[in-house]
């Protein structure tokens with residue numbers, strides 16, 4: 025069973041959809057990489073995976089006990105460590 029499953033996700037900001045019928049499944053041991061141009065929905069997708077943002081339509085299924093975290097693009101000014109140190113805190 026997948027650790028994380030996004031099924032038929034739709035998200036729009038304004039009239040144009042940012043994500044339309046997006047599907048993603050992550051199995052135990054898999055590593056993923058999101059690549060795309062600015063404004064294509066990468067951060068929005070990660071916010072939905074993390075639970076910070078809800079899709080307009082579709083379903084997100086997380087295995088019980090699954091912990092998800094993400095490193096935000098803008099590191100707060102008060103943090104002075106390296107990215108590697110921040111990730112492993």
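Residue numbers (our numbering): 25 to 113.
Where a beta carbon is used, it is the ideal one built from N, C-alpha and C, also for glycine.
Because the structure is a prediction, the values reported are computed rather than measured.
Apart from sequence neighbours up to five positions away, the residues of its chain that approach residue 81 with a beta-carbon distance below 6 angstroms are 34, ordered along the chain. Close CB contacts of residue 60 within its chain, under the 7 angstroms cut and outside five residues either way in sequence, are with 66 (chain order). The way I'd put it, the region 72-87 doesn't touch the region 105-112; fewer than three beta-carbon pairs between them come closer than 8 angstroms.
Residue 27 is a Cβ neighbour of residue 52, given a cutoff of 8 angstroms. The Cβ atoms of residue 42 and residue 68 lie closer than 8 angstroms to each other.
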